[in-house]
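Have a look at the structure below, then the notes.
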Amino acid sequence: MIPAHVAAAFDFQSKACSSLGSPFMGQLMRLCATMAWPEGRITERIFNWQGDIGPRAQSVPLRLAGALHALHLQRHARLAAVYPPHQPGDATLWDAVADTLTSDSAFIDAFIDSAPQTNEVRRSAVLVALGQVLAHHFPGPIRTSELGASGGLNIHWDDYAVGINGQVFGAQRPVLTLGPDWTGDLPPKAQPVISAHAGVDLNPLDPSAPDDALRLQAYLWPDQPHRLELTRAAMGAARTKITQGDAIDWLRPRLVHQPGQMHLIYSTIAWQYFPETKQSEGEALIEAAGETATDQAPLAWFGMENDGGTKGAALTLRFWPGNVRCKLGRADFHGRWVNWINPPLS
């Protein structure tokens, strides 16, 4: 019998995936919550996993889904017959999954050691808009620091474009063009000049390494091929090596102001996972740096993070000098929609 906490975690993930436009993932996670699992090392490990296995902690359901998708991306014959574009019934899909949990247990066991890293490229839509806003306010170059950068696919957002109501914002020759459902303000037409890109992650992925490239794709959902296309385009253009380490320790020496340049610090669905002690330490460091920012060397701190709201992630900006706090609206966690508010920067 499935332990109650395991069933609850997979059921929660099923509903979340369905609400985010993935009926296949909704079905797969629902079956994991309700069907009889085969005996073996994967069942034993997941049923006896220590700690909170849910999406706000260790995300075991998405770890397992990622492992199965990774096998599918490697042309796993059993899964190929039931994964999208096929639309199998519950029994057919679960038979294939149950067989795979047994036949490929070694691969799955190793894959689920690591937490999910969904380097969602569509989140860059808000970064493109932010860049336009900051360039409109400050005409000089901008250097960037991304915290929790994963594979670095959202570091080169200045190479991307966003189509909004027939207009295109962002790069003139974009690597890819995003098309979220956009409501609210249009960003100003002001192209930022990025002088340096940098990012940090505790477990950075290298898109040029086959195993890391597979992992970046595996956490996407099998019935959303457009996400896979965008991710592959971004992987092909990724060229900044992500530093491995603690985000706040890495950021500390970068907070020295560079005259004539703005420093943009940002995170997209990453800050919320930092330990509370690190969040407090980071906030204090950034605020201290903000106190010495000038009009010639301003500091911007942007976050797209879960604030517990009922719809999507909050978009927030703090800007120095002046310690201006702005709410820039909200966005879908996967970047499907954006409700944008231009900040009152003078």
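Positions 623 to 968 (the working numbering) are the ones given, in order, by the sequence shown.
The beta carbon of each residue, even a glycine, is placed where N, CA and C say it ideally should be.
As the structure is a computational prediction, the values presented were derived from the model and not from experiment.
- A distance below 7 angstroms separates the beta carbons of A771 and D823.
- Under the three-state reduction of DSSP, G792 is assigned to strand.
- Per DSSP, the beta bridge partners of W804 are V960.
- Partner residues in the beta bridge of T865, as assigned by DSSP, are V822.
- Contact between V755 and D781 does not hold, since their C-beta atoms are separated by about 18 angstroms, which reaches or exceeds 8 angstroms.
- Annotation note: the region 752–794 contains the following uninterrupted beta strand (DSSP E) runs of length 3 or greater, listed N- to C-terminal: 764–769, 782–786, 789–792.
- Taking W872 as the centre and dropping the five residues before and after it, the same chain places the C-beta of V822, T865 closer than 7 angstroms to its C-beta, in chain order.
- As a beta-bridge residue in DSSP terms, V946 pairs with F941.
- Judged by DSSP secondary structure, S727 falls outside any beta strand (DSSP E) and instead within the alpha helix (DSSP H) spanning 727–733.
- With a 10 Å radius around the Cβ and a threshold of 16 neighbouring Cβ atoms, V815 comes out exposed.
- Looking at the backbone, the Cα of A869 and that of T714 are separated by about 44 angstroms.
- Nearest to H778 by C-alpha distance, out of P802, G801, S817, H759, is S817.
- CA-CA distance, D807 to R685, rounds to 37 angstroms.
- Rounded to whole angstroms, the separation of the alpha carbons of I730 and A658 is 18 angstroms.
- Secondary structure at H694: helix, using DSSP grouped into helix, strand and coil.
- Between G773 and L827, the CB-CB gap stays under 7 angstroms.
- Within 10 angstroms of the beta-carbon of E768 lie 16 or more other beta-carbons, which makes it buried.
- Taking a C-beta distance under 7 angstroms as the contact criterion, A747 and L690 do not qualify as a contact pair.
- Buried is the label assigned to N776, since at least 16 other Cβ atoms lie within 10 Å of its Cβ.
- Residue environment: T890 is assigned as buried (16 or more neighbouring CB atoms within 10 Å of its CB, all protein chains considered).
- Contact between D721 and R697 fails: their C-beta atoms lie close to 16 angstroms from each other, not under 8 angstroms.
- Here H627 carries a helix assignment [DSSP, helix/strand/coil].
- Runs of beta strand (DSSP E) with 3 or more residues, each lying fully within the region 829–862, are absent.
- With contacts defined by Cβ atoms closer than 7 angstroms, G957 and Y841 do not form a contacting pair.
- Going by DSSP, L650 is part of no beta strand (DSSP E) but of the alpha helix (DSSP H) stretching over 645–656.
- Around the CB of A703, fewer than 16 other CB atoms lie within 10 Å, so the residue is classed as exposed.
- Looking at the backbone, the Cα of Q739 and that of N670 are separated by about 23 angstroms.
- Beta-bridge pairing by DSSP links Y888 to E768, F924.
- The C-beta separation of F632 from A692 comes to about 18 angstroms, leaving the pair out of contact by the 8 angstroms criterion.
- Membership of F669 in the alpha helix (DSSP H) is indicated by the continuous run 663–669.
- Checking the DSSP bridge columns, you'll see T916 partnered with A919.
- Within the region 699–723, the complete alpha helix (DSSP H) segments of 4 residues or longer fall at 699–702, listed in chain order.
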